[in-house]
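Residue numbers (the UniProt record's numbering): 1 to 235.
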């Protein structure tokens, strides 16, 4: 049975004043905390076992255990000093046939489906100077490379799925990382997986950008407001 691991330990420092008192994953979207929207979408496709890695403002997540069944909260005490690869490591006991979801991804409809192969969900972002994780895939959508660049091409959305077979390969790599890796703020769990592209079998799945957004900086909030106001089609 598949499960989900949601990464929600980060500070959200790029949003400055917005995240001083509220964790960004709990911002209201259509009057529902964004993280709850993600949980409900997962429940709709039969994913009930959900592990959430928390850290910053961790007390704000405690209510979720009472509201939803099978929610497991994993506390990262080093959220302020270690990168998200360390948060990922804390969830390794549950990593098998798993969705890995960045908590700041906003879904305007349920784009999840039960996957049978390792999959990167990708989307096309608005053209900016911000570098993204751009996927390179063949004609069968199998990913053979990931480049961090500003190319206007499909890039990682912040949602992925890994089969038990591929998760074992990734898990071994995570456990073999030394402590210095987790202290480097420029490195992420994505870097670990990207290095293993030749050893795992992962495919790209494109998601219509009208249905998704993220909460990384002020521009993202403005884009989300536009999408919610109906300036973008959501059908």
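A virtual CB, placed ideally from N, CA and C, is assigned to each residue, including glycine. All of these numbers come straight from a predicted model, not from anything done at the bench.
Residue i versus residue j: straight-line alpha-carbon distance, rounded
i	j	result
residue 56	residue 82	12 angstroms
residue 190	residue 85	8 angstroms
residue 43	residue 50	9 angstroms
residue 89	residue 101	14 angstroms
residue 112	residue 6	14 angstroms
residue 197	residue 145	7 angstroms
residue 231	residue 175	Model confidence at residue 231 stands at a pLDDT of 46, short of 50, so the residue's coordinates are unreliable; what they give is reported in the following sentence. Roughly 45 angstroms separates the two Cα atoms.
residue 8	residue 185	16 angstroms
residue 221	residue 209	15 angstroms
residue 214	residue 178	30 angstroms
residue 74	residue 53	5 angstroms
residue 135	residue 172	23 angstroms
Cβ neighbour criterion (16 or more within 10 Å) applied to residue i
i	result
residue 19	buried
residue 122	buried
residue 149	exposed
residue 46	exposed
Residue span of the beta strand (DSSP E) that contains residue i, given as start and end
i	result
residue 107	105-107
residue 101	98-102
residue 145	143-149
residue 120	118-123
residue 222	Segment 218-228 is the alpha helix (DSSP H) holding residue 222; no beta strand (DSSP E) there.
Cβ-heavy atom distance, residue i to the ligand HEM, below 7 angstroms
i	result
residue 39	Questions concerning the ligand HEM fall outside what the structure shown contains, since it holds no ligand whatsoever.
CA nearest to the CA of residue i, picked from the options
i	options	result
residue 23	60, 4, 37 and 53	60
residue 217	2, 12 and 3	12
residue 10	25, 64 and 162	25
residue 118	109, 65, 169 and 212	169
residue 115	228, 203 and 212	203
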